[in-house]
Structure formats: structure tokens, C-alpha cells
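This report concerns only the one structure given below.
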Amino acid sequence: MQRKMKVNGTVFLLFITIAMFALMYIAGMIIFADKGFAKPQMFLNLFISNAGLLVIACGLTLVMITGGIDISVGSVVALVCMVSADLMENKGFSAVQALLVALLIGIAFGVVQGYLVSYLEIQPFIVTLAGMFFGRGMTAIISTEMISIKNETFLAWANAKIYLPFGYTNKHGMLVKSYIYPTVVVAVLIVIMVAVLLKFTKFGRSLYAIGGNQQSAIMMGLNVKNAKMRAYVLDGFLAGLGGFLFCLNSCAGFVEQAKGLEMDAISAAVIGGTLLSGGVGTVVGTMFGVLIKGTIASLITTQGTLSSWWVRIALSALLCFFIVLQAIIGSTSKKNAKTGEIHKFTKRKKAA
Amino acid sequence: MKKKVLSLLLCGVMVMGTLVGCGSSGSSDGGSSDGGSDSGDTITVGFSQVGAESDWRTANTASMKETFSEENGYTLIFDDAQQKQENQITAIRNFIQQEVDYIVLAPVTETGWDTVLQEAKDAGIPVIIVDRMVDVSDDSLYTAWVGSDFRAEGNKACEWLNAFAEAKGINAGDLNIVDIQGTIGASAQIGRSEGLNDAVKKYGWNLVAQQTGEFTQAKGQEVMESLLKQNDNINVVYCENDNEAFGAIDALEAAGYKVGDDIANGEVMVMSFDSTNAGLTDVLSGKITVNTECNPLHGPRVEEIIKKLQSGKDVDQLQYVDESIFAVDDTVTSIEAETSLGETSKYDVTVVTQDVIDGRAY
């Protein structure tokens, strides 16, 4: 009974998110048909521009499912971009080495923050707040100047268009094929992998158990500390990878980069149906959360005369909507959970 | 439960309201303008602006909006990037899909534009960069750049000082100058400092000290205070923007100096750059003696480029906006200074009156 309700709640939230995205996008296609909104490339651009954010939001979903949070990811992205740029431009590293260092930085953040959160049981908000300051500070220490990446391998990766077998004819009568960048492939693969991890592995299921009720997870014999630790390490790794994808999009290291990205990632996860209190969430939902954010920005840019601050306002309205929705589902499932427990209890008593 | 469902519905309505709100205003807009897809009567321009962080920036945006208005035969798609490069990249991709005729970009950062500018080039859309320069591996990725010639600004100010000293019969060696520099590494700082350094060598002035005031009033004041403690012979203060000049004037007056152009009788002359409204007001009152303009009105020059491109003409890749120089009186009426392109041009010095200040947009 309890389980069924919870699954229904998750599915319902996911459904709402996807429906919301579809509705917004189709509305955009109708209203802005003359402004190119219906072009397939417009849709692909959502992925191209948000590939890094997508990967980072997947990592955040993992820790949010355990009931935690990570607000250091934006700084990790800035640090990763800066270190990669510095290593390739000033220290003679190759692009592959820079990628490895980027991933190591992410993992290092994950290990330290994960240890503090899971073994020393410090509030994740405070731990990752420290991580956020540290990351941004270190970025500025390396350089306060912009570093432009001119490494040939790196630029080849960044500019490697993968053409798709469809496109559109532009007004000069030229056929323009749709394309994506390798970053999109990586991001989509990550979404699929994390989705499988969450759904079909013991580790993934234990994250839901911990987030749902840590006490009962311990009683069930789960190694809660270890699982949480692993969630943060994986989150750190994804922040490192996401940072590198972000860097491939911007081709530069700069201390002001990715400011507020953590909040974009958190809001994407929440819009995608992840509960801040933990226990509920899917990466597919998070992906749609990211796409919704991208679509709002795209709609407002296409409109052309509205202030771009409307993106924030629309996002806040959406966030509000989803939080209320979650609260309703949360309270109904709790009610059901309670009656379910009582039911079980009486059953056991009868058996005794 | 009923209450909750109700609140949910209300939230839903609110969200829809926001969306429909954007939508309806959008469709009416789409109806009145022909967009880019129609024949050639209106020209669609996508403009990605840094943000609205300063008066200069606001004036820059206003100039673009004014120039590319519907009355002038343009449809302007304006996007404020809120200081984020990633927003600008997304906006440019959006412009490309909308098949705008021209993209105008005021970049947040100098680097990181290769990929997206390549996309614009592949789509055959000319890109015009304004204000800051972009640092790209291939210069053909943008069609033209429009901005301020900071080096020429520095040269102009120094040529004015030289002409002033000659007119007043002051020996070059008696000019004891301190330079309150801008944020080190900013292109405005580099150009204006270089202009001064070269002039010091050329005319044999005495450069007492150079220190950064980071383009702020507070820092400008602090630097001026410490410079006054170390030296008692300063008679010219070369401030690299108006804010620094305000700080320096406060420090000078607090230390008992008189600010003005009568160097021979112990006054300290303040020179400044930018020519903002407040800066020119100080020129009018005589506190700042000379103020070299940094013109944010890029719209007309960008339009000129677009018109040339429309008629199939070639354009110069680097183009500077016209900038003048303002002074407290007509001791010097005109100067000749070299630009970054190596040409020497003649500039008339504008004497500041209330009418001049009122007639300016920023």
C-alpha cells in the first residue's frame, strides 16, 4: 500500500513535469512559428546550451534523494574551467590530462564533502557552503584574468559538430543540417546511466531508502554512511565532468563563470520532482527540469522585447507550483503511510 | 484536501498566466513586425547586451534601442545577459535559429566565443562586436568591431595638457603629475596609461607616481590621500575615470588644496575621462579642468556598418566611435592627436555649459 502510493506520487510528479514541458514547448512552436521556434535545432540547442548543467543536476539529484544538498557545484565548475584553462594554456598539459585533472578535482570535492556529511554528520548545507567559498576562492587565486583556451585538441572537441540526418532550409535557400556537439551525447549518456543506477542497483535503491527515512534504513541493515559517502563522491565526479562540459561550451576559464549555477541545478531537480526532504526523485524528471528552464529562457529571448529577468520570475512561479504540488502529494502519501503502518501493526498483533 | 487542490489550481493558473502573458504580447509583436523571414523591408537585428551594471551601459543600450527602432525599419531582438557569458551564448544560438539578419554582441568576456561565432558564420549571419573586443582564434568570425579608442583618449588628454601648458607659459619640467590608474589590465586603463607614459617621455613632464584607483571613488580618494602625504609638489592629477576624479577631488579639498586650472598659483588640476553627466557637472564648476569622452552611443556607428553591408560594400573591421574632449574654458580650442590606427586627427575642444550637459543622453 505504502509503496504503491509513493511510486504513484513519483510518477505523477514526473508526468506533470513532462506535460508542463510539452505544453510550453508546443505553445512556443505555435506562437513563435515565424521566429524559428519550431525548428528541430531550437530543441537541440536546449541540450547544447545546457549539457553541463544537465550532468551537474543529475549529481545533485543523487544527493537530494538522500535528503542532502550540494551548493558547491557552481564553484566547482568555475574551478574546473579555470584549472583546465590554466593547465592547457600555461602549463603545457594536453586536453586529455586536463580532463582527468577536472574529474579528479570533482572527486576530491566529493570525497571531502561526503566524508564530512556522512561520517561526521555535519549539515550538508554548511559543508558545501564552505566548499562553494573554497572553490570560488581557489579559482581567483589561480587567476582573476580570463584565460582563453586555444589548445587544438580541446577546440576540436568543442567544435566537433555531429550532423543529424535532418535540417531546414533557411531564407537564403541553403539547407542547414541540424547538429549536436559531443557534450550532448555525454550528457544524455550520463542521464541514462544515472537513471539505471538509481532504478536497478542496490546502491540506487538504498539512496531512496536513506532519504525516505534514515533511521529505518539503518535498522534495515543498510550501510547508510557508506552509501551517502558514495552519493557525494559520485555527485562530485559529475560536477567535475559537468564543469568540463561547461568549459567545452565556453572555451574559457574565468572567476565569474557559473555563478548561481548550483541554484539552477537545484531548481531543475525540484521542478523535475525531486523532494528537498529526500526519498523521491528521478533523473529523467531532472532532465525535463533543465529543459523547462532552457525553454523559458528561449521563449523570452525569442519574444525579443521582454526583459530577460522574466526568466527568473517564470521560474519562481514554476518552483512555487511544484513545491505546492509536492507538499500535497507528500501529505497524502504520509497519511497513507501512517494508516499502512497501523494496519501492519494490528495485523502483527493479531498474528501474535 | 479540498483546500490543497484549490491552492494547486491557483498556482497552476498563475503559471499559465505568466506563460500566456509572454505569449500574447509575443504574438502581437510578431504580427506587427515581419520578422526575418519576410522579404527585405525590415532588417532584424539580434543584440546581446552585457547587462545594466552602469550608467554607461544603460546609455549604450538606449542608443541601440533608439537606432534600431521600428520607425527606422528595424526589428530589434534585445537580450540582457545579466553579466553571464553562458546566457549570451544561448541568446546567440537563439538569434541564429530566428534567422536574424545581423547579430550585435557586446561581450561580457573577451574569450570563449569561437564555437558560437563559428555557428553564426556557418549560418551566414554577420556578427558586429561592440565595446569590448573578442579574443578568437580566427578573425573572420566577426565582421566588424565598434568601440572606444582608449589609446586615442589618452593621447588627446595629454595633447590638451601640452597645449594648455604652452598657452599658459608653464615649463614642461614643472608639471608634476600623478596618475590614478584604472583597474590594472582593463583595456581602458592600458590605453589611457600608455597615452600618458608616452607623452611624459615626449614632452619631459615629471611623472611623480602611478597607482591604481580601480575605477572607484573610494579607492581614488584613498590613493590620492596617500600620494599627498608622500609628495607636496603635485599639481596635475590624471584620473582614468570620473569616479576616481570625484574621490581625488574630495581628498585634495580635505587636505586643504584648491582644485582648479591655475597651476602657477598653487591650484591642483584634475584631469578625467568618461564625461558622464556628473563628471561634466564638475567641469562646469571648475573642479575638473578637462574631461575626455568615452562615448557609449554605439547605435549610429553600428547602423552605418549595417547599411554598408546591406548595399554589399566592404567595411573596415575595426571602427572607433567619435569621441570628443570637454574643458572648463577655451584656453585650448583644438588639439591634434594620434589614434590607434596611426592616423592623426584634429579634435575641437568643447567648452562645458549647462546646455551641453542638458543636451547629452547620459
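The listed protein sequences derive, respectively, from chains B and L.
Okay, so the first sequence: first residue is 6 according to the numbering used here, each after it adds one.
Okay, so the second sequence: first residue is 28 according to the numbering used here, each after it adds one.
Cβ coordinates follow ideal geometry from the N, Cα and C atoms, glycine included.
Note that the coordinates shown come from a computational prediction; the quantities given were computed from them, not determined experimentally.
* To do: Would you mind sorting residue 314 of chain B into buried or exposed? The rule is 16 or more other CB atoms within 10 Å of its CB.
  => For this step, residue 314 of chain B is matched to residue 309 along the first sequence. Exposed, since its Cβ has fewer than 16 Cβ neighbours within 10 Å.
* For the segment 69-127 of chain L, list the alpha helix (DSSP H) runs that are entirely contained and at least 4 residues long, ordered along the chain. => 82-94, 112-124
* What is the DSSP secondary structure of residue 203 of chain L, counted as helix, strand or coil? -> Numbered from 1 along the second sequence, position 176 holds the residue referred to as residue 203 of chain L. Here residue 203 of chain L sits in strand by DSSP.
* To the nearest angstrom, report how far apart residue 49 of chain B and residue 68 of chain B are at their CA atoms. => Counted from its first residue, the first sequence places residue 49 of chain B at position 44. Counted from its first residue, the first sequence places residue 68 of chain B at position 63. Residue 49 of chain B and residue 68 of chain B: Cα-Cα distance of roughly 28 Å.
* Where residue 70 of chain L meets chain B, residues with beta-carbon distance less than 8 Å -> As a position in the second sequence, residue 70 of chain L is number 43, starting the count at 1. Under the 8 Å cutoff, chain B gives no residues; its nearest Cβ is about 13 Å from residue 70 of chain L.
* Asked: Can you pull the DSSP bridge partners for residue 299 of chain L?
  -> The residue labelled residue 299 of chain L in the question sits at position 272 within the second sequence. Per DSSP, L/318.
* Asked: Between which two residues does the alpha helix (DSSP H) containing residue 290 of chain B stretch?
  -> One-based indexing of the first sequence puts residue 290 of chain B at position 285. Unbroken alpha helix (DSSP H) run through residue 290 of chain B: 288-308.
* **Cross-chain neighbours of residue 104 of chain L in chain B, by beta carbon under 9 Å** => Locating residue 104 of chain L in the second sequence gives position 77, counting from the first residue. In chain order: 40, 306, 307, 308, 309, 310.
* To do: Whole angstroms is fine: what's the gap from residue 77 of chain B's alpha carbon to residue 130 of chain B's?
  => As a first step, residue 77 of chain B must be located in the first sequence, where it is residue number 72. As a first step, residue 130 of chain B must be located in the first sequence, where it is residue number 125. If you take the alpha carbons of residue 77 of chain B and residue 130 of chain B, they lie about 9 Å apart.
* For residue 145 of chain L, go through chain B and note every residue whose CB falls closer than 8 Å to its CB, in chain order. => Numbered from 1 along the second sequence, position 118 holds the residue referred to as residue 145 of chain L. Simply 164.
* For residue 153 of chain L, three-class secondary structure by DSSP -> Start at 1 with the first residue of the second sequence, and residue 153 of chain L comes out as number 126. Note: residue 153 of chain L maps to coil in three-state DSSP.
* Asked: In or out: residue 325 of chain L buried (at least 16 other Cβ within 10 Å) or exposed?
  -> Within the second sequence, numbered from 1, the residue matching residue 325 of chain L stands at position 298. So residue 325 of chain L ends up on the buried side.
* Asked: Is it true that the CB of residue 257 of chain B sits closer than 8 Å to the CB of residue 78 of chain L?
  -> Looking up residue 78 of chain L in the second sequence gives position 51. Looking up residue 257 of chain B in the first sequence gives position 252. No.
* Does DSSP classify residue 25 of chain B as helix, strand or coil? -> The residue given as residue 25 of chain B occupies position 20 in the first sequence. Reduced to three states, the DSSP call for residue 25 of chain B is helix.
* Asked: Does the beta-carbon distance from residue 307 of chain B to residue 42 of chain B come in below 8 Å?
  -> Translated into the one-based positions of the first sequence, residue 307 of chain B becomes position 302. Translated into the one-based positions of the first sequence, residue 42 of chain B becomes position 37. Going by C-beta atoms, residue 307 of chain B is nearer than 8 Å to residue 42 of chain B.
* To do: Specify whether the segment 186-200 of chain L and the segment 113-126 of chain L touch according to this definition: at least 3 beta carbon pairs, one from each stretch, less than 8 Å apart.
  => no
* Contact residues within the segment 216-247 of chain L, judged by C-beta distance below 7 Å to chain B -> none
* **Coil, strand or helix - residue 391 of chain L by DSSP** => Coverage of chain L is limited to positions 28 through 389, which leaves residue 391 of chain L absent and any answer about it impossible.
* To do: Report the rounded CA-to-CA distance for residue 335 of chain B versus residue 204 of chain B, giving the unit in angstroms.
  => Translated into the one-based positions of the first sequence, residue 335 of chain B becomes position 330. Translated into the one-based positions of the first sequence, residue 204 of chain B becomes position 199. Whole-angstrom Cα-Cα distance: 21 Å.
* Got a sec, what are the start and stop residues for the alpha helix (DSSP H) residue 170 of chain B sits in? -> Your numbering for residue 170 of chain B matches position 165 in the first sequence. Where residue 170 of chain B is concerned, there is no enclosing alpha helix (DSSP H), although the beta strand (DSSP E) it sits in stretches over 167-174.
* Whole-angstrom distance between residue 362 of chain L and residue 373 of chain L, CA atom to CA atom -> For the purposes of this step, residue 373 of chain L is taken as the residue at position 346 of the second sequence. For the purposes of this step, residue 362 of chain L is taken as the residue at position 335 of the second sequence. Distance between the alpha carbons of residue 373 of chain L and residue 362 of chain L: 6 Å.
* What residues from chain B crowd round residue 212 of chain L, counting only those whose CB sits closer than 9 Å? -> The residue given as residue 212 of chain L occupies position 185 in the second sequence. Going along chain B in sequence order, the residues near residue 212 of chain L (Cβ under 9 Å) are 149, 150.
* For a contact meaning CB atoms closer than 8 Å, what does residue 121 of chain L contact in chain B? -> Mapped onto the second sequence, residue 121 of chain L falls at position 94. Ordered by position in chain B, the residues that pass the 8 Å Cβ test against residue 121 of chain L are 47, 50, 303, 306, 307.
* Cβ neighbour criterion (16 or more within 10 Å) applied to residue 62 of chain L -> Mapped onto the second sequence, residue 62 of chain L falls at position 35. Per-residue confidence for residue 62 of chain L stands at a pLDDT of 39, beneath the threshold of 50, marking its modelled position as unreliable; no derived number is given.
* Asked: Can you name, in chain order, every residue of its own chain whose Cβ lies under 6 Å from the Cβ of residue 262 of chain B, other than the five neighbours on each side?
  -> Translated into positions along the first sequence, residue 262 of chain B becomes position 257. Taken in chain order, the residues that qualify are 83, 86.
* Please state whether DSSP places residue 183 of chain B in a helix, a strand or coil. => Sequence index remark: in the first sequence, residue 183 of chain B carries index 178 (1-based). It is a strand residue.
* Boundaries of the alpha helix (DSSP H) in which residue 162 of chain B is found, first to last residue -> Stepping through the first sequence from its first residue, residue 162 of chain B is reached at position 157. Run containing residue 162 of chain B: 157-164, per the alpha helix (DSSP H) assignment.
* Which same chain residues, not among the five before or five after residue 332 of chain L, have their C-beta less than 8 Å away from its C-beta? -> Position 305 of the second sequence, counted from the start, is the residue given in the question as residue 332 of chain L. Counting only Cβ-Cβ distances below 8 Å, and skipping sequence neighbours, we find 155, 170, 171, 173, 342, 346.
* Establish whether the CB of residue 20 of chain B and some CB of chain L are separated by less than 8 Å. => Here the question's residue 20 of chain B lines up with position 15 in the first sequence. No - not a single Cβ of chain L is within 8 Å of the one on residue 20 of chain B.
* Can you grab the Cα-Cα spacing for the pair residue 7 of chain B / residue 217 of chain B, in whole Å? => On the first sequence, residue 7 of chain B is found 2 positions in, with the first residue counted as 1. On the first sequence, residue 217 of chain B is found 212 positions in, with the first residue counted as 1. With a pLDDT of 48 at residue 7 of chain B, under the threshold of 50, the predicted position of this residue should be treated as unreliable, and no value is reported.
* Asked: So is residue 146 of chain B buried or exposed if we call it buried at 16+ other beta carbons inside 10 Å?
  -> Locating residue 146 of chain B in the first sequence gives position 141, where the first residue counts as 1. Looking at its Cβ environment, which holds fewer than 16 other Cβ atoms inside 10 Å, residue 146 of chain B is exposed.
* **Proximity of residue 52 of chain B and residue 189 of chain B at Cβ, strictly below 8 Å** => As a working mapping, residue 52 of chain B is identified with position 47 in the first sequence. As a working mapping, residue 189 of chain B is identified with position 184 in the first sequence. Closer than 8 Å, so yes.
* With distances taken Cα to Cα, identify the nearest neighbour of residue 290 of chain L among L/261, L/300, L/274. => For the purposes of this step, residue 290 of chain L is taken as the residue at position 263 of the second sequence. Taking only the C-alpha atoms, the option nearest residue 290 of chain L is L/261.
* To do: Within the same chain, show all residues whose beta-carbon is closer than 7 Å to that of residue 349 of chain L, passing over the 5 residues directly before and after it, in chain order.
  => In the second sequence, counting from the first residue as 1, residue 349 of chain L sits at position 322. Taken in chain order, the residues that qualify are 322.
* **Enclosing alpha helix (DSSP H) for residue 223 of chain B [first to last residue]** => Here residue 223 of chain B refers to the residue found at position 218 when the first sequence is read from its first residue. From DSSP, the alpha helix (DSSP H) with residue 223 of chain B extends over 219-224.
* Asked: Using a Cβ-Cβ cut-off of 7 Å (strictly less than) and excluding sequence neighbours within five positions of residue 185 of chain L, which residues of its own chain qualify?
  -> Residue mapping note: residue 185 of chain L aligns to position 158 of the second sequence, counting from 1. Taken in chain order, the residues that qualify are 222, 223, 226.
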